[in-house]
Amino acid sequence: MLEECGLEYKTHLMRLTEGDQFTPRFLEISPNAKMPAIVDNDTGGDPVSVFESGAILLYLAEKTGRFAPTTALGRKELNEWLFWQVGNLGPMAGQYSHFRNYAPKGESYGLKRYKGEYQRAMAVLEGRLEGREYILGEYSIADMISFPWILIAKAVDCPLDGFPNLVRWRAAIKDRPAVRKAVDLCRENRNHGQTAETNNVLFNQDAGHFRKG
Ligand SMILES: N[C@@H](CCC(=O)N[C@@H](CS)C(=O)NCC(=O)O)C(=O)O
């Protein structure tokens, strides 16, 4: 979205396997200790921080007036598909990729459950894209938030065979110069020093990480 809107930005490398997400400064910005999160210094006043990808995209759409419909009906549809991604495609795909990559061998219940949920979400999106170029007709933040989990489908053993609308939609988005820049940036910064030991920081979190005192 930052690239699409031509907004200036600076990225910060978060070493999640070393616990950068639990520093007091980062928790002030992102109390759920997850990325993405942004700080907007261009507000004409105090800096504004935003966490959660859906909230960030809405904030930037409102700031720039771009990539979001303006009619009441259009906003309703935007909210439906943003909430859908945040509650369905995102977490199901995230859990699927966790169980696929990190669950102890031989434990298949979680893998089967989340693979099914991920593919179910794909089928829902496939249906929505029937007769529509993009989720809301025109390209919007609803597409931006769902694209990354469809981009990686084949790489996580869920090829898009039988989903012609997803194939077409994925290719059109992947071809956008702004998206190419963002995907390259992500590749450059991925998996710094991830080992079984450092994965403990990532995957064994509980309330103790957030309890004060
Ligand atoms: N619902 C959140 C999910 C964020 C999320 O899970 N982020 C992962 C990286 S993709 C993270 O920061 N993980 C660090 C951790 O779990 O400690 C959003 O969409 O912003």
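Okay, so the sequence shown: first residue is 1 according to our numbering, each after it adds one.
Glycine included, C-beta positions come from ideal geometry on N, C-alpha and C.
In terms of Cβ geometry, ARG170 and ILE150 form a close pair [threshold 8 Å]. The C-alpha of LYS105 is placed about 36 Å away from the C-alpha of ALA142. Boundaries cannot be given for VAL86, as no alpha helix (DSSP H) includes it and DSSP labels it neither H nor E. With a cut-off of 8 Å on Cβ pairs, the segment 155 to 175 is not in contact with the segment 186 to 203, counting fewer than three such pairs. With fewer than 16 other beta carbons inside 10 angstroms of its own, ARG211 counts as exposed.
Between the segment 88 to 98 and the segment 118 to 125 there are three or more inter-stretch CB-CB distances shorter than 8 Å, so the stretches are counted as touching. Between the alpha carbons of ASN101 and GLU188 lies a gap of roughly 20 Å. According to the DSSP assignment, SER30 belongs to no beta strand (DSSP E), since it is labelled neither H nor E.
GLY137 is bridged by DSSP to TYR134. DSSP places ILE150 within a helical segment (H, G or I) once states are collapsed to three. CA-CA distance, GLY65 to LEU57, rounds to 11 Å. In the displayed model, PHE51 falls within a strand according to three-state DSSP.
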